[in-house]
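K.L.:
Sharing a structure, written as structure tokens. Questions coming.
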Amino acid sequence: MRLNQMQYFVTVCKYQNYTRAAEELFVSQPAISQAMKELESECGVPLLKRKGNNIYITPEGELLRAEASSMLEHMDRLTHLIKDLHLQRNFVRIGMSTICGNVIFPYLRRYFHLQHPETEVISQEHNTVTLFQLLDTDEVDIILTTPITSEEELKKDYHYIKTNTPSLVYCVAKGHPYAEKKSVNCQEIAAAPIAVLTDNSYPTLELKRNLSEAGLKPNIIHYTKQMYTVERFIVSGASAGFLPEELVRNNPQLVALDYPWYRSDLYTMLLWKKDRAIYPSVEIFINTARQYLKNYQSD
Numbered sequence: 204m205r206l207n208q209m210q211y212f213v214t215v216c217k218y219q220n221y222t223r224a225a226e227e228l229f230v231s232q233p234a235i236s237q238a239m240k241e242l243e244s245e246c247g248v249p250l251l252k253r254k255g256n257n258i259y260i261t262p263e264g265e266l267l268r269a270e271a272s273s274m275l276e277h278m279d280r281l282t283h284l285i286k287d288l289h290l291q292r293n294f295v296r297i298g299m300s301t302i303c304g305n306v307i308f309p310y311l312r313r314y315f316h317l318q319h320p321e322t323e324v325i326s327q328e329h330n331t332v333t334l335f336q337l338l339d340t341d342e343v344d345i346i347l348t349t350p351i352t353s354e355e356e357l358k359k360d361y362h363y364i365k366t367n368t369p370s371l372v373y374c375v376a377k378g379h380p381y382a383e384k385k386s387v388n389c390q391e392i393a394a395a396p397i398a399v400l401t402d403n404s405y406p407t408l409e410l411k412r413n414l415s416e417a418g419l420k421p422n423i424i425h426y427t428k429q430m431y432t433v434e435r436f437i438v439s440g441a442s443a444g445f446l447p448e449e450l451v452r453n454n455p456q457l458v459a460l461d462y463p464w465y466r467s468d469l470y471t472m473l474l475w476k477k478d479r480a481i482y483p484s485v486e487i488f489i490n491t492a493r494q495y496l497k498n499y500q501s502d
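The number in this note's numbering is simply the position in the sequence shown, starting from 1, with 203 added.
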């Protein structure tokens with residue numbers, strides 16, 4: 204999926220007309236049509252439908268349009284910031300995984316803003332694999348995530364600050380068939396419908412790996428990028444799921460259960476590339492985060 208595809212798609216949605224979109228973008232109409240075919244092929248669903256001379260956006264297309272518009276606005280904002288500030292830029296770009304984005308980052312962001320209100324923090328949320336790709340291609344300055352790679356491997360290419368990770372618990376709603384249990388085994392986890400974070404997120408990778416080792420497959424009924432969506436699925440009784448322990452403690456509608464691969468020794472890392480120039484604003488954020496995460500670790 205390319206940035207120009209997103210630009211073409213959003214513009215076609217804006218006018219619901221290939222010719223007007225092509226005129227605004229200064230490209231040929233066949234180029235627009237081909238880009239839309241490739242995008243639909245990659246998404247695996249129709250995004251636009253023709254009826255006579257008119258073009259209509261499908262429900263799936265509306266979802267993509269909203270996300271693509273947000274992404275393009277974000278990119279435009281970044282482009283202007285980079286042009287305006289260049290080397291003296293007064294912002295920091297941060298990528299984070301969903302769990303960190305829900306549990307750690309909001310408080311870290313506030314802690315930083317109170318001390319450095321003049322520095323803008325531009326943040327985005329992705330799975331761990333994508334975060335490392337963004338960091339390696341210099342699209343973000345820092346990432347906050349639970350790495351899949353070993354610490355020894357990470358040391359080769361990255362500097363990092365290490366802190367504890369909120370433990371993940373398997374949970375169900377009160378009234379769920381498992382709600383009266385103290386723990387669940389792999390067979391029970393595989394049997395129950397479950398809502399999970401996207402494929403390359405740590406909890407989903409661990410779920411699939413551990414069930415696969417037991418000769419089982421999870422009954423995944425929904426993938427999402429949002430922890431809140433997982434929580435809503437669980438609360439509704441539609442599925443089970445994995446959530447950070449502190450979120451479950453604060454929600455009386457949820458019941459936490461022990462499970463076979465539960466770990467309390469996971470760690471979160473704030474990582475940045477070695478052998479790359481560090482902007483002053485990034486260095487300030489790293490030093491401030493070091494203070495905050497030291498306190499967070501001792502809590």
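The beta-carbon is built from N, C-alpha and C at its ideal position, and this holds for glycine as well.
1) Go ahead and pull the three-state DSSP assignment for residue 439.
2) Beta-carbon separation of residue 333 and residue 295 under 8 Å?
3) Starting from residue 386, follow its DSSP beta bridges and name the residues at the other end.
4) So, helix, strand or coil for residue 425, using DSSP?
5) Mark residue 248 as exposed unless 16 or more other C-beta atoms lie within 10 angstroms of its C-beta, in which case mark it buried.
6) Assuming residue 261 and residue 275 form a contact by the criterion Cβ under 8 Å, report the distance between their Cβ atoms to the nearest whole angstrom.
7) For residue 368 versus residue 469, is the C-beta distance shorter than 8 Å?
8) Using DSSP with H/G/I as helix, E/B as strand and the rest coil, what is residue 234?
9) What are the uninterrupted segments assigned as alpha helix (DSSP H) that are 4 or more residues long and contained completely in the segment 273-330, given in chain order?
10) Just mark residue 480 as buried or exposed, buried being the case when its beta carbon has 16 or more other beta carbons within 10 Å.
11) Are the segment 339-351 and the segment 426-435 touching by the rule of at least three beta carbon pairs closer than 8 Å?
12) Counting pairs of Cβ atoms below 8 Å between the segment 299-316 and the segment 439-456, do you hit three or more?
13) Within 10 angstroms of its Cβ, does residue 219 collect 16 or more other Cβ (buried), or is it exposed?
14) Grab me the residues of residue 443's own chain with a C-beta within less than 6 Å of its C-beta, minus the 5 sequence neighbours each way, in chain order.
P.N.:
Straight from the coordinates:
1) The residue you call residue 439 lines up with position 236 of the sequence shown. Of the three classes helix, strand and coil, the one that applies to residue 439 here is helix, per DSSP.
2) On the sequence shown, residue 333 is found 130 positions in, with the first residue counted as 1. On the sequence shown, residue 295 is found 92 positions in, with the first residue counted as 1. Their beta carbons are not under 8 Å apart, which means residue 333 does not touch residue 295 by this criterion.
3) Here the question's residue 386 lines up with position 183 in the sequence shown. Partner(s): 461.
4) Against the sequence shown, residue 425 aligns to sequence position 222. For residue 425, the three-state secondary structure derived from DSSP is strand.
5) On the sequence shown, residue 248 is found 45 positions in, with the first residue counted as 1. Looking at its Cβ environment, which holds fewer than 16 other Cβ atoms inside 10 Å, residue 248 is exposed.
6) Residue 261 sits at position 58 when you count from the first residue of the sequence shown. Residue 275 sits at position 72 when you count from the first residue of the sequence shown. 20 Å between Cβ atoms; not a contact.
7) Taking the sequence shown and counting its residues from 1, the one referred to as residue 368 is at position 165. Taking the sequence shown and counting its residues from 1, the one referred to as residue 469 is at position 266. Contact flag set, yes.
8) Along the sequence shown, read from residue 1 onward, the residue named residue 234 stands at position 31. When secondary structure is reduced to three states using DSSP, residue 234 falls in the helix class.
9) Here the runs fully enclosed are 301-306 and 308-318.
10) Position 277 of the sequence shown, counted from the start, is the residue given in the question as residue 480. When all chains shown are included, residue 480 counts as exposed.
11) The answer is no - the segment 426-435 does not touch the segment 339-351, with fewer than three Cβ pairs under 8 Å.
12) Cβ pair count under 8 Å is three or more, so yes.
13) By 1-based counting over the sequence shown, the position of residue 219 is 16. Under this definition residue 219 is an exposed residue.
14) Residue mapping note: residue 443 aligns to position 240 of the sequence shown, counting from 1. These residues qualify, in order along the chain: 375, 395 and 397.
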